[in-house]
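A.B. asks: Going by this note's numbering, the residue at position 105 of the sequence shown is 1065; the numbering climbs one at a time, nothing skipped.
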Amino acid sequence: MQQPSPVPDSAAPLVDVVDLSVRFVSKDATVHAVNGVSFQLTAGEVLCILGESGSGKSVTMRALLRLLPETARISGQVRVDGRDVIAMAGNELARLRGGVASMIFQEPMTALDPVFTVGQQIAETIVRHEGTSWAEAEKRGLELLELVQIPSAKRRLASYPHELSGGLRQRAMIAMALSCRPRLLLADEPTTALDATVQIQILLLLRRLQEDLGMGVIFVTHDLGVAGEIADRVAVMYAGRFIETGPVVDLMEGPLHPYTQGLLGSTVHGGMRGQRLTAIPGSPPSLSELPTGCAFAPRCPQAMDVCQTSEPTERKPRPDRTARCVLVEESIQAA
Ligand SMILES: Nc1ncnc2c1ncn2[C@@H]1O[C@H](COP(=O)(O)OP(=O)(O)O)[C@@H](O)[C@H]1O
Ligand code: SF4
Ligand SMILES: [Mg+2]
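#1: Do the stretch 1015-1035 and the stretch 1060-1070 meet, that is, are 3 or more Cβ pairs less than 8 Å apart?
#2: Ligand 5 and ALA1199: does any heavy atom of the ligand fall closer than 7 Å to the residue's C-beta?
#3: Which one of ALA1153, PRO1111, SER1248 and MET1212 has the shortest CA to CA distance from LYS987?
#4: For ASP1148, is the classification buried or exposed, using 16 other Cβ atoms within 10 angstroms of its Cβ as the cut-off for buried?
#5: Which same chain residues, not among the five before or five after VAL1078, have their C-beta less than 7 Å away from its C-beta?
#6: Excluding the five sequence neighbours on either side, which residues of its own chain have a C-beta within less than 6 Å of the C-beta of THR1299, listed in chain order?
#7: Consult DSSP for CYS1267 and reduce its assignment to one of helix, strand or coil.
#8: Determine contact between the stretch 972-988 and the stretch 1202-1222, defined as no fewer than three beta-carbon pairs at a distance below 8 Å.
#9: Does the pairing of the stretch 1080-1097 with the stretch 1167-1175 give three or more beta-carbon distances under 8 Å?
#10: Go ahead and pull the three-state DSSP assignment for ASP1192.
#11: Below 8 Å on the Cβ atoms is my guess for GLY1188 versus ALA1153; work out the distance and round it to an integer in Å.
#12: Classify ASP1183: buried if its beta carbon has 16 or more other beta carbons within 10 angstroms, exposed otherwise.
#13: Give me the residue from THR990, TRP1094, PRO1244 and GLY1050 with the minimum Cα distance to GLY1011.
#14: Determine, for LEU1164, whether the minimum Cβ-Cβ distance to residues of chain B falls below 8 Å.
#15: Suppose you measure from the CA of THR1181 to the CA of GLY1091; what does that come to, to the nearest Å?
#16: Distance, Cα to Cα, LEU1173 vs GLY1200?
So this is what it looks like as C-alpha cells:
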C-alpha cells in the first residue's frame, strides 16, 4: 500500500494561533481582552478581523508580534512562520518584526518619524535588517515608493512625513512595511482615518500588492464594507472571541451567528462602506466583567435560558466555517 507523502513545508500555515488569551491585570480589575482565539492563516490569504470598537482586535494583532505592554498576560500558542512567538528571545523577536512580519496602523505618524525624510527612513530600515549599502537601500526605497504608486516618487523620497497628504503618508507607511519583503502583513484599521475615495484606493493597492507579493495579510476593521472589499475569509470578533468565521462571500450571504446576522441585516439596504458596527441595540459587555453564559445574550433576540448559564462552544458546521452559538448545528446539511 502506498504511504501518504509527508506534508510539504509550503503547506504549513504562516500563522497558527491556538487558544490565545490576553488579560490585563491591574490592582482594580482584570480585563479579559482576548479569550481563547484560535485560527490559521495560509500564505497568500487575507483574513479580516471584523468587530466593534473594544472587541479585542488590536490586542489580538499585537499579540502575534508580542507588541503588548508588560501588564499583558498572554497564554496559548502563537506560531508565525513555524516559530513560537511566545517563547522567542528579544533578538529573535526583533528579527521577526520588520523581517518576516510587518505591521501598519491607522495613524501613519505612529510608524513614521517626523524628523527624517521618507527616503531616509525606508533606507535605514533596509540597511538595519538586511545589511545592504546605503546606496542600494536608497535605490530600493525609490522602487518601493513606485510600487505603492506615489506620484513623483523620486521627489517624495526627500519629503518629510508632514509634507504628505494623509493618503500619501499611508502609502509611505505601506512602502516602509514592505521594505524587507514581509511574508505576513498585519494591518490594523489602516484606512479608517482616510476619506472614502482615498480609502478605496488604498484597499485596492493593498489587495494588488498582496496578490503580487504573495503575502498573507491580517486586516482589522470595524467596517463591513471594507471587509467585503479586501477579505478572503472573515473572523467576526465579539468580547474577545471569534464568534463566527468563514469565507467572506458565504459569511455575508449566510451568516450563522445572531450577532453577524444583526450586523448584516441592518446594513444590506444602505451602501455598506463606511458603516460602523453599531446597528444592534445595546452595547458589548465590559471585558472586566464578562457574563457567565454567552457574551452576546443580553443583546440577542434569540437568547434562551441555556445561553445565560453556559458559554456556547465552537461549532464547525462545515470544514471552513465556525460559529459559537447553541442554535448552530454541528453539521449543516447541504440545501
Ligand atoms: N494596555 C492595556 N491595558 C489595559 N487594557 C487594555 C490595554 N490595551 C487594550 N486594553 C483593553 O482591551 C480591550 C480590547 O482592546 P482593543 O484590542 O484595542 O479593541 P479593538 O481594537 O477591537 O477596538 C479593551 O477593553 C481595551 O480597553
Ligand atoms: S448562544 Fe444564545 S444568546 Fe448567544 S448568540 Fe446564540 S442564541 Fe444568542
Ligand atoms: Mg483597535
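From the three backbone atoms N, C-alpha and C, an ideal C-beta is built for every residue, glycine too.
Quick caveat, the model's predicted, so the values are computed rather than measured.
C.D. replies: Straight from the coordinates:
#1: yes
#2: The model depicted lacks ligand 5 and carries ligand 1, ligand 2 and ligand 3 instead.
#3: Of all alpha-carbon atoms in ALA1153, PRO1111, SER1248 and MET1212, the one lying nearest the alpha-carbon of LYS987 is that of SER1248.
#4: It counts as buried.
#5: Hits under 7 Å: ARG1116, LEU1117, SER1119, PRO1121 and ALA1132.
#6: Residue numbering for the chain in the displayed model covers 961 to 1295; residue 1299 lies beyond these limits and cannot be assessed.
#7: Look at CYS1267 here: in three-state DSSP terms it is helix.
#8: no
#9: no
#10: The three-state secondary structure of ASP1192, taken from DSSP, is coil.
#11: In this structure GLY1188 does not touch ALA1153 by the C-beta definition: roughly 20 Å separates them, more than the 8 Å allowed.
#12: buried
#13: PRO1244
#14: Protein chain content of the structure displayed is limited to a single chain, and chain B is not contained in it.
#15: 35 Å
#16: 31 Å
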